[in-house]
Amino acid sequence: MSVRLLARLAAAALVLLAATAARADDDKVLNVYNWSDYIGKDTLDRFTRETGIKVHYDTYSDNEILDAKLMTGQSGYDVVFPSATPFFAQQLKAGIYRPLDLSKIPNAKGLDPQVMNSLAKVDPGNAHGLPYLMSATGLGYNVDAIKKLMPDAPVNSWRMLFDPAVVSKFKSCGVTLLDTPTEVIPAILAYLGHDPLEQTPAALQTAMKALMPLRSNYRYLNSDKYRSDLAGGDVCLSHGYVGDLVQVRNRARESKAADRPNIAIVIPKEGAMVNIDVMAIPTDAPHPDAAYAFINFLLRPDVIADVTNQVGYANAVPASLQYVQPAIKSDPVIYPPADVKAHLFSALPPAPPGFDRLRTRAWTRFRTAKED
Ligand code: N2P
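Going by our numbering, the first residue of the sequence shown is number 4, and it counts up by one from there.
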């Protein structure tokens, strides 16, 4: 063998080695896209310490943002957390999720069969997604500010947001809505005594007809900003995900400010949406094995209990309850008792063809409607 050939072979071997090393390194990376404020402060570090897998972590505040990214393809994400209905259900139909290999997620055995059954309605056999956290969508308000403006305010009702005679009283102290029609429309339909889950042009029209004239009462539509504003006393009434409102309430309690607000949270008596957010792996995920390791880690009772304790959202791992703080376990807005649960509605079905576009158009018109 000539010296030159030897040198060439050695060089080729080196290239091969480097490529293998790069690939091994690649598997030690995980790209996660999750809701904001939806994980423990130390959860990712703990995962990295235990597995050596480095996590790139991005966040969003609306299902619509995640949906747009996933439907374009090649998002680069390995684990995402869509709400089961209608988003995950709809995305499943588009074939963008990988069937899960449950042998790689042994902790899935510990999931609550009731939650799994309700998810199986949109994902037969729970083949593509496992439950992460859940909560209702309700109201958070500044107790003193509301009392001052309306001592007999109907605080347990959607009237707070949707009855023109009530919400107009709070305009001056700041009222906000989540920026998503999939939450606001069922809520106003429930207020109107209509089937909250009806997705027909007629139901949409009913909802928008009631909503449009109210527009000027809402300071803004945003699913993120209200949290610091409500905690800081800059707004007084917000439509929000209950777990986020729990964080707002805690933040306000812990504040050193003399005028820190006293925040109350309600699940309105007319009924409210409840969302199960699932963990799923996109078909084109670059690091599926790391994704499996992460999902399995999050389903460990001590890990998910720690997340629940920090973010105020219930989880679907019954064995975790032994580690969940008593104040959280017994908080009726986080783990609602049976009589409240009976009024929660969850399965907003995937919208019929064309309806999505109608709804998005109506929502954009509402969002950008001129203040009067
Ligand atoms: C997290 C909001 C997630 C709840 N900040 C939506 N289901």
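Each residue gets a CB set at the ideal place from its N, CA and C atoms; glycine is no exception.
Residues that residue i bridges to, as DSSP identifies them
i	result
residue 161	Note: residue 161 sits in no beta bridge, so no partner.
residue 242	142
residue 59	34
residue 102	Answer is none; residue 102 lacks a bridge partner.
residue 78	None, per the DSSP bridge assignment.
residue 83	36 and 283
residue 347	275
residue 361	None, per the DSSP bridge assignment.
Assigned secondary structure, residue i (DSSP; H/G/I helix, E/B strand, else coil)
i	result
residue 278	strand
residue 178	strand
residue 193	helix
residue 265	coil
residue 318	strand
residue 302	coil
residue 136	strand
residue 41	coil
residue 169	helix
residue 285	strand
residue 207	helix
residue 404	The requested residue 404 does not occur in the structure, where the chain is confined to residues 4 to 375.
residue 338	coil
residue 114	coil
residue 223	strand
Nearest-angstrom Cα separation, counted from residue j out to residue i
i	j	result
residue 188	residue 166	14 Å
residue 122	residue 38	19 Å
residue 263	residue 214	31 Å
residue 278	residue 140	8 Å
residue 118	residue 134	7 Å
residue 365	residue 48	42 Å
residue 3	residue 246	The chain is shown only over 4 to 375; residue 3 falls outside these bounds and no answer can be derived.
residue 304	residue 52	18 Å
residue 164	residue 260	28 Å
residue 25	residue 327	Low local confidence applies: a pLDDT of 46 at residue 25 is under 50, so the model's placement there is unreliable, and no value is given.
residue 369	residue 220	12 Å
residue 183	residue 56	34 Å
residue 60	residue 103	21 Å
residue 113	residue 168	48 Å
residue 2	residue 352	The structure shown does not extend to residue 2, since the chain spans only 4 to 375, so no value can be given for it.
residue 3	residue 298	What the structure shows of the chain is the stretch from 4 to 375, and residue 3 is not part of that stretch, so it cannot be assessed.
residue 234	residue 252	7 Å
residue 333	residue 324	11 Å
Distance cut-off 7 Å: residue i Cβ against heavy atoms of ligand 1
i	result
residue 246	yes
residue 40	yes
residue 278	yes
residue 138	yes
residue 86	yes
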